[in-house]
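The working numbering applies: residue 80 is where the sequence shown begins, and numbers increase by one.
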Amino acid sequence: MKTRSAKFGIGQVVRHRIYPFRGVVFDVDPSFDNTEEWWLAIPEGQRPAKDQPFYHLLAENDETEYIAYVSEQNLEPDFSQEPIRHPQVEEIFERTAEGRYRMRHGFDH
């Protein structure tokens, strides 16, 4: 299986192209690395290709915060400059004056 370079980096804020949520990237898999059960739970017509980067996000929507696992094809940059509310953000990242997220020194995911 051929893999591509990741389009988004650790600390980058992204949003889902279809569903109303956004988050900050805290890890990247070069290709799909989750369970087959997870994969099969996605409706067949909406399943993304496995040979692309998948992102682990500290995610949020209008109602809650959670961890999301999302294919690159379903993400786009979020330019809102709004901080991420997820309770783990401050544990993992420092927010710069420019509104970006930088992984805390010594943090090992």
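Using N, Cα and C, we set each Cβ at its ideal position, and we do this for glycine too.
Any non-hydrogen atom of the ligand FAD closer than 8 Å to residue i Cβ
i    : result
G102 : Ligands in the displayed structure: none, and consequently the ligand FAD is not present.
Alpha-carbon spacing of residue i relative to residue j, whole angstroms
i    : j    : result
F158 : T114 : 32 Å
R174 : D106 : 17 Å
K129 : V93  : 20 Å
A147 : G185 : 23 Å
F111 : R164 : 27 Å
L136 : V149 : 8 Å
V168 : L119 : 30 Å
E199 : Q125 : Any answer about residue 199 is impossible in this case: the structure gives the chain only from 80 up to 188.
Contacting residues, own chain, Cβ-Cβ under 7 Å from residue i (five flanking each side not counted)
i    : result
F172 : G90, V103, Y180, R181, M182 and R183
D108 : P132 and F133
R83  : Q131 and P132
Q160 : G178
N153 : H95, R96, I97 and P127
Run of the beta strand (DSSP E) containing residue i, from where it starts to where it stops
i    : result
I146 : E144 to S150
E155 : L154 to P156
H184 : Neither: H184 is in no beta strand (DSSP E) and is coded neither H nor E.
H95  : V92 to H95
Three-state secondary structure assigned by DSSP to residue i
i    : result
E173 : strand
Cutoff 6 Å; reference residue i; Cβ partners in own chain excluding five residues on either side
i    : result
E151 : K86, Q131 and P132
F100 : A138 and N140
E123 : none
- Ordered list of alpha helix (DSSP H) runs contained in the segment 103-140, each at least 4 residues: 115-119
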